[in-house]
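**Student:** Provided herewith is a single structure, encoded as structure tokens, for subsequent inquiry.
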Amino acid sequence: GENVEQHPSTLSVQEGDSAVIKCTYSDSASNYFPWYKQELGKRPQLIIDIRSNVGEKKDQRIAVTLNKTAKHFSLHITETQPEDSAVYFCAASIGGYQKVTFGTGTKLQVIP
Amino acid sequence: EAGVVQSPRYKIIEKKQPVAFWCNPISGHNTLYWYLQNLGQGPELLIRYENEEAVDDSQLPKDRFSAERLKGVDSTLKIQPAELGDSAVYLCASSRGQMDEQFFGPGTRLTVL
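So the protein sequences, as listed, match chains D and C.
Here the first sequence is numbered in this note's numbering, starting from 1 and rising by one per residue.
Here the second sequence is numbered in this note's numbering, starting from 1001 and rising by one per residue.
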């Protein structure tokens, strides 16, 4: 089955700096890659996603890139703010949400 | 629009006891998922329903776990008997269909003593 690895497990940045989280996947058939943000004690929430026919997608301060050949994808957060502090999960699936495999999470701390 | 509702939010039981979790998905959502989330880990799919049919239960430990979605709306996940290693957060999610965004409920935090 699919295996998703995520790095780093923890990340501390100064407010205003950029943060980058990287993930790799094993199944070349995976074609959908959502990213979730989970605040402490809260539910995971989708923040951005990318499909395999696109190499990059941006939404305000958040961007995702995908390298299908290398089977890795990344989340980029620019101009970080304290409210960006949370655990971020990458995920991979084949054809939507049928079977989403999550990474192990990155705890992001934005220091004011 | 109300979100996915789960109850109870917290449950503490002793090992070998049974426990049940309830989920009410967003109205109109045909697909329902149960996930297990261990501390410091990402959610892991236990079972996925399309309406009342369990279309993927390959990761559900069927010796002690069971689930049902009898009328294709709300769902119950049961563990009998519970083991210490079952302590985790059980998340329910729903989506209009398997190709649509899934929305998570707040989860049930289970502690087995």
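We treat Cβ as the ideally placed atom computed from N, Cα and C, and that holds for glycine.
1. Please compile the residues from chain D whose C-beta is within a distance smaller than 9 Å of the C-beta of Asp1056 of chain C.
2. What does a CB cutoff of less than 7 Å around Leu1091 of chain C pick up in its chain, not counting 5 residues either side in sequence?
3. Roughly how many angstroms separate the alpha carbons of Val1112 of chain C and Asp49 of chain D, rounded to a whole number?
4. Thr24 of chain D and Ala70 of chain D - do their beta-carbons sit closer together than 9 Å?
5. Residues in the same chain with beta-carbon distance under 6 Å from Lys107 of chain D, minus the five sequence neighbours each way, listed in chain order, please.
6. Out of D:Ser28, D:His7 and D:Ser18, state which residue places its alpha-carbon closest to the alpha-carbon of Ala63 of chain D.
7. Going by DSSP in three states, Pro122 of chain D sits in which element: helix, strand or coil?
8. How about Lys42 of chain D: is its C-beta nearer than 9 Å to some C-beta of chain C?
9. I need the straight-line Cα distance from Leu66 of chain D to Ile1047 of chain C, nearest angstrom please.
10. Say whether chain D places a C-beta atom closer than 9 Å to the C-beta of Pro1106 of chain C.
11. Is there a C-beta anywhere in chain C that falls below 9 Å from the one on Ile33 of chain D?
12. Closest Cβ-Cβ distance between Ala91 of chain D and chain C: below 9 Å?
13. Does Leu1060 of chain C come out as helix, strand or coil in the three-state DSSP assignment?
**Tutor:** Concretely, from the data shown:
1. Residues of chain D passing the Cβ test: Gln98 and Lys99.
2. So the qualifying residues of the chain are Tyr1035, Gln1037, Pro1043, Phe1104, Gly1105 and Gly1107.
3. 35 Å
4. yes
5. Thr10 and Val87
6. Residue D:Ser18 is the option with its Cα nearest to Ala63 of chain D.
7. Because chain D is modelled from 1 through 112, residue 122 of chain D falls outside the range shown and cannot be assessed.
8. yes
9. 28 Å
10. yes
11. The sequence as given places Phe at residue 33 of chain D; Ile does not occur at that position. Chain C, which has no Cβ nearer than 9 Å to the Cβ of Phe33 of chain D, makes this no.
12. Residue contact check for Ala91 of chain D against chain C: a CB pair falls below 9 Å.
13. coil
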